[in-house]
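Each residue of the sequence shown is one higher than the one before, counting from 10 in the numbering used here.
We put the beta carbon where it would ideally sit given N, CA and C, even for glycine.
Shown next, in structure tokens, is the structure this report addresses.
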Amino acid sequence: MPSKWLFAFAAVALGASLWAALDPSRGGIAVLLAAFAVLAAGFAWLEGGTSSARDLTLIATLGGLAAAGRVLFAPVPDVQPVTVMVAAAGVALGPRRGFAVGALAAIASNFFLGQGPYTPWQMLAWGGCGFLAGVCRRVLRGRLVFAAFCVVLGFAFGTLMDLWQWFSFYPHTWAALTAVLASGLAFNVAHATGNLILALVAGPELRRVLERYERRSRTEIVWA
Numbered sequence: 010m011p012s013k014w015l016f017a018f019a020a021v022a023l024g025a026s027l028w029a030a031l032d033p034s035r036g037g038i039a040v041l042l043a044a045f046a047v048l049a050a051g052f053a054w055l056e057g058g059t060s061s062a063r064d065l066t067l068i069a070t071l072g073g074l075a076a077a078g079r080v081l082f083a084p085v086p087d088v089q090p091v092t093v094m095v096a097a098a099g100v101a102l103g104p105r106r107g108f109a110v111g112a113l114a115a116i117a118s119n120f121f122l123g124q125g126p127y128t129p130w131q132m133l134a135w136g137g138c139g140f141l142a143g144v145c146r147r148v149l150r151g152r153l154v155f156a157a158f159c160v161v162l163g164f165a166f167g168t169l170m171d172l173w174q175w176f177s178f179y180p181h182t183w184a185a186l187t188a189v190l191a192s193g194l195a196f197n198v199a200h201a202t203g204n205l206i207l208a209l210v211a212g213p214e215l216r217r218v219l220e221r222y223e224r225r226s227r228t229e230i231v232w233a
């Protein structure tokens, strides 16, 4: 789909989201439409910077690997390699491809774990992880700094999903918000702890592998 149509869809979805938000009872629809708007704008931005089929192949491969890792770790609540893999992709490949890997990993893994109204927000949250890692790539090359960054991403991911759940399904009160955040704290701690361990063990190594693969994929042989 041309990027101009994606941007148009994003504008329409955002307008519909603002209209739905006028009625508190339509909070779930409002945030779902807002997620679609941001995702459409993100993929339009990605399309504007993706120059070859090799980029798309690389994104699809990494997104599939991250999704497979999530499915593999599914029996362990909120301990999963997706966030670390997406962050490494962002550092190695830049914010555009980091965003795409995260969004693709979310929707691909949910084909096995179950799709739902949370899927666009998971796509947005993991895409945001890849984007932020790409933006901060120059300062995330050390093992400890990268691991600390992944811990922050773990809490940020969980908090965003908690806020979506609160706004969509609970009364819009401070008491309800506090209860939702408190109920999700243990899962967010598990996510952040898993990120810390995985990033310390394999974060820089994964980044170097992705950088090496990316360089090789762009190597062209010219016959004289």
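Is the distance from the Cβ of G111 to the Cβ of A142 below 7 Å?
-> Not closer than 7 Å, so no.
Taking the alpha carbon of F158 as the point to measure from, which residue in M170, I206 and Y127 has its own alpha carbon closest?
-> The residue with the shortest Cα to Cα distance from F158 is I206.
Other residues of its chain near N197: CB distance less than 6 Å, five sequence neighbours each side excluded | Non-local C-beta neighbours of N197 in its own chain, meaning closer than 6 Å and more than five positions away in sequence, comprise F164 and G167, ordered along the chain.
Whole angstroms is fine: what's the gap from S177's alpha carbon to W130's?
-> Distance between the alpha carbons of S177 and W130: 12 Å.
Could you pull out every residue in the same chain whose Cβ sits closer than 7 Å to the Cβ of A98, ignoring the five residues on either side in sequence?
-> Once the five neighbours on either side are set aside, the close Cβ partners of A98 are L71, R106, G107, V110, G139 and L219.
List in chain order: all unbroken alpha helix (DSSP H) runs of 4+ residues lying wholly within the segment 60-93.
-> Those alpha helix (DSSP H) runs which fall completely within the segment 60-93 and span 4+ residues are 62-81.
Apart from the five residues just before and just after W232, which ones in its own chain have a Cβ nearer than 7 Å to its Cβ?
-> Note that W232 scores a pLDDT of 44, beneath 50, so its modelled location is shaky; the value from the coordinates is reported in the next line. For W232, where only same-chain residues beyond five positions count, there are no Cβ hits under 7 Å.
In chain order, what residues of the same chain have a beta carbon less than 7 Å from the beta carbon of T187, not counting five sequence neighbours either side?
-> Excluding residues within five positions, none has a Cβ falling inside 7 Å.
Other residues of its chain near A208: CB distance less than 6 Å, five sequence neighbours each side excluded | Listed in chain order, the non-local C-beta contacts of A208 below 6 Å within the same chain comprise V93, F155, A156 and C159, local neighbours out to five positions each way being set aside.
Compute the beta-carbon to beta-carbon distance between G73 and P90, rounded to the nearest angstrom, for a pair I have assumed lies under 8 Å.
-> Going by Cβ atoms, the distance from G73 to P90 rounds to 13 Å, so no, they are not a contact pair.
Measuring alpha carbon to alpha carbon, tell me which of R150, A115, P104 and M132 ends up nearest R217.
-> It is R150 whose Cα lies nearest to the Cα of R217.
For Q124, which residues of its own chain have a beta-carbon under 7 Å away from its beta-carbon, when the five flanking residues on both sides are left out?
-> So no residue of the chain qualifies.
In terms of alpha-carbon separation, which member of G203, A199, W183 and V95 lies closest to M132?
-> Nearest of G203, A199, W183 and V95 to M132, Cα basis: V95.
For C145, the three-state DSSP class (helix, strand or coil) | Three-state DSSP puts C145 in coil, outside helix and strand.
Using the C-alpha atoms, what's the distance from R146 back to G212?
-> Whole-angstrom Cα-Cα distance: 13 Å.
Considering Q174, what are the terminal residues of the alpha helix (DSSP H) in which it resides?
-> Unbroken alpha helix (DSSP H) run through Q174: R152 to F178.
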